[in-house]
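Reviewing the structure listed below.
Residue numbers (the numbering used here): 3 to 107.
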């Protein structure tokens, strides 16, 4: 697995960071809203989280939520299968230096 190149926009980055990439903990919708409320209108937050769920980066305990009251009761977490790739997408490292070893024939 690994080696996937993930492209995230600013809103998606904010949500992934608020959920915590390395931690396998769940965050309920109310806490997520409190963490990112200064950067999102509730409708945009719901749409962005749904997009992240659709591509598989985020998991939720309910498959549908359409308003803020429903959103607050849902528990979210970063999909552990993507956590390493998401961590790399959030903190891109420079190209790994090529080995100085030379194959001699």
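From the three backbone atoms N, C-alpha and C, an ideal C-beta is built for every residue, glycine too.
Got a sec? Which residues, its chain only, sit under 8 Å from residue i by beta carbon, not counting five neighbours each side?
i, result
"residue 20", "29, 34, 37 and 38"
"residue 104", "none"
"residue 53", "14"
"residue 107", "none"
Whose CA, out of the options, lies closest to the CA of residue i?
i, options, result
"residue 84", "58, 49 and 41", "58"
"residue 79", "55, 106, 40 and 47", "55"
"residue 10", "82, 32 and 60", "60"
"residue 70", "49, 107, 106 and 81", "49"
"residue 47", "73, 86 and 102", "73"
Measuring straight from C-alpha to C-alpha, what distance separates residue i and residue j?
i, j, result
"residue 88", "residue 51", "15 Å"
"residue 94", "residue 23", "14 Å"
"residue 42", "residue 67", "17 Å"
"residue 65", "residue 86", "24 Å"
"residue 45", "residue 26", "26 Å"
Looking only at its own chain, which residues have a Cβ that is under 6 Å from the Cβ of residue i, when we skip the five neighbours before and after it?
i, result
"residue 77", "28, 30 and 63"
"residue 12", "none"
My guess is that residue i and residue j are in contact by the Cβ rule of under 8 Å, so how many angstroms apart are they, rounded?
i, j, result
"residue 91", "residue 8", "4 Å"
Using a Cβ-Cβ cutoff of less than 7 Å, which residues in the same chain neighbour residue i once the five nearest sequence positions on both sides are dropped?
i, result
"residue 32", "74"
"residue 81", "58, 59, 60 and 61"
Considering only heavy atoms of the ligand ATP, does any lie closer than 7 Å to the CB of residue i?
i, result
"residue 93", "The ligand ATP is not part of this structure, which contains no ligands at all."
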